[in-house]
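**Q** Counted the way my numbering counts, the sequence shown spans residues 8 to 154.
The beta carbon of each residue, even a glycine, is placed where N, CA and C say it ideally should be.
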Amino acid sequence: MHNSIKILEQESEELSATLSRDVQYPPNCFQAMNGTFLQYESRSSLTASFPVSRETLNPMQKMQGGFIAAAFDNTFGPLSYLAARGLCVTLDLHTQFVRAIDVGDELTIVAKVASRGPNTMYLTGEARNKKGKLIAACSANILVVKP
């Protein structure tokens, strides 16, 4: 296992132990898309991959845009949770689609904390296929939930 993923797991366990709410990490929606964490830089970036399966295809047999946006949200969520050291919610999510991605390929999301304030964070991300081609870009404003 990559050392950065061990750090991710350790920070997740530590944070979950301090929260009063029952928090599942990674969330069901991440698991439903068969997501895998690949790399983590503490409180600043997270890389995850999602296989392009038949269940995610649109009528043109390409991954539907909603699933691409969900992959971003499923990466931004865990990153924001760890960066804020607490619970967060997505205020808005803006996705720009560049090209299609086919079944059997892998969608890799690199998410970064671009700006952090006391109550909000601004996250950015890029989605690429196995060949490294840009599939989509995304940004989100995240609200840190105060206890």
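From the DSSP output, in three-state form, read off Pro125 for me.
**A** Along the sequence shown, read from residue 1 onward, the residue named residue 125 stands at position 118. In this structure, Pro125 counts as coil in the three-state DSSP scheme.
**Q** Which class does Asp80 belong to by DSSP, given the choice of helix, strand or coil?
**A** Counting from one through the sequence shown, the residue named residue 80 turns up at place 73. Residue state, collapsed to three classes: helix.
**Q** If you compare alpha carbons, which of Pro58, Leu130, Leu64 and Glu20 is closest to Leu98?
**A** In the sequence shown, counting from the first residue as 1, residue 98 sits at position 91. Per the Cα distances, Leu130.
**Q** Taking C-alpha atoms, which residue in Glu16, Phe79 and Thr25 lies nearest to Leu114?
**A** Numbered from its first residue, the sequence shown carries residue 114 at position 107. Of the listed residues, the one whose Cα sits closest to Leu114 is Phe79.
**Q** Using only the alpha-carbon positions, how far apart do Glu16 and Met70 sit?
**A** Counting from one through the sequence shown, the residue named residue 16 turns up at place 9. Counting from one through the sequence shown, the residue named residue 70 turns up at place 63. Those two C-alpha atoms are separated by around 29 Å.
**Q** Examine the Cβ distances between the region 89-96 and the region 131-138 and report whether three or more of them are shorter than 8 Å.
**A** At 8 Å Cβ cutoff, the stretches do not touch.
**Q** Output needed for Thr127: all residues of its chain with C-beta closer than 7 Å, excluding positions within five of it in sequence on either side, in chain order.
**A** Looking up residue 127 in the sequence shown gives position 120. Excluding residues within five positions, the ones whose Cβ falls inside 7 Å are Asn148, Ile149, Leu150 and Val151.
**Q** Going by the beta-carbon positions, is the gap between Phe57 and Ile12 smaller than 8 Å?
**A** Here residue 57 corresponds to residue number 50 of the sequence shown, with the count starting at 1. Here residue 12 corresponds to residue number 5 of the sequence shown, with the count starting at 1. Going by C-beta atoms, Phe57 is not nearer than 8 Å to Ile12.
**Q** Less than 8 Å between the CB atoms is what I'm expecting for Val59 and Ile116, so what's the real figure, rounded?
**A** For the purposes of this step, residue 59 is taken as the residue at position 52 of the sequence shown. For the purposes of this step, residue 116 is taken as the residue at position 109 of the sequence shown. With a Cβ gap of about 13 Å, Val59 and Ile116 do not count as contacting.
**Q** Would you decide whether Thr54 is buried or exposed? Buried here means 16 or more other CB atoms lie within 10 Å of its CB.
**A** Within the sequence shown, the letter at position 47 stands for residue 54. Buried, because 16 or more other Cβ atoms sit within 10 Å of the Cβ of Thr54.
**Q** For Ala39 and Cys145, what's the separation of their Cα atoms in angstroms?
**A** For this step, residue 39 is matched to residue 32 along the sequence shown. For this step, residue 145 is matched to residue 138 along the sequence shown. Taking the straight line joining both Cα atoms gives about 21 Å.
**Q** State the Cα-Cα distance for the pair Tyr32 and Ala90, rounded to the nearest angstrom.
**A** For the purposes of this step, residue 32 is identified with residue 25 of the sequence shown, where counting begins at 1. For the purposes of this step, residue 90 is identified with residue 83 of the sequence shown, where counting begins at 1. Approximately 14 Å between the Cα atoms of the pair.
**Q** Just to confirm my understanding: we take Val30, look at its own chain, exclude 5 residues before and 5 after, and list those with CB closer than 6 Å. What are they?
**A** Residue 30 sits at position 23 when you count from the first residue of the sequence shown. Answer for Val30: Ser23, listed in chain order.
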